[in-house]
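Okay, structure first, notes after.
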Amino acid sequence: MQFIDDWKRQFPRLWSVRLSLLAALVSSVEAGFTYWATGKAPVLVVAAAVISLGASVARIVAQVKVSDNG
Numbered sequence: 001m002q003f004i005d006d007w008k009r010q011f012p013r014l015w016s017v018r019l020s021l022l023a024a025l026v027s028s029v030e031a032g033f034t035y036w037a038t039g040k041a042p043v044l045v046v047a048a049a050v051i052s053l054g055a056s057v058a059r060i061v062a063q064v065k066v067s068d069n070g
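In UniProt numbering, the protein residues as written are 1 to 70.
In structure tokens form, the structure reads like this:
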């Protein structure tokens with residue numbers, strides 16, 4: 001896995017990463033409160049948190065260009 005060049009400098013402008021991390025945080029808080037109240041982990045909320053976190057990481061990982069072989 002290779003990050004995009006100068007991702008640390010670009011991070012303040014990457015609102016999609018910030019919002020995705022915020023979504024992961026909110027989902028984690030919701031999952032924590034639900035687990036605390038009921039004793040059961042809400043699977044869909046945990047999955048949403050993991051997916052949001054993965055999406056934010058995917059935004060700063062260098063993507064291989066897709067070539068058109070058609």
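Each residue gets a CB set at the ideal place from its N, CA and C atoms; glycine is no exception.
As the structure is a prediction and not an experimental result, all values here were calculated from the model.
The beta-carbon separation of L14 and R59, rounded to 6 Å, stays under the 8 Å limit for a contact.
Counting other Cβ atoms within 10 Å of its Cβ, A47 stays below 16 and is therefore classed as exposed. Restricting attention to alpha helix (DSSP H) runs no shorter than 4 residues, the segment 14-65 encloses them at 15-38, 43-60, ordered along the chain. Taking C-beta atoms as the reference points, A49 and S28 count as a pair closer than 7 Å.
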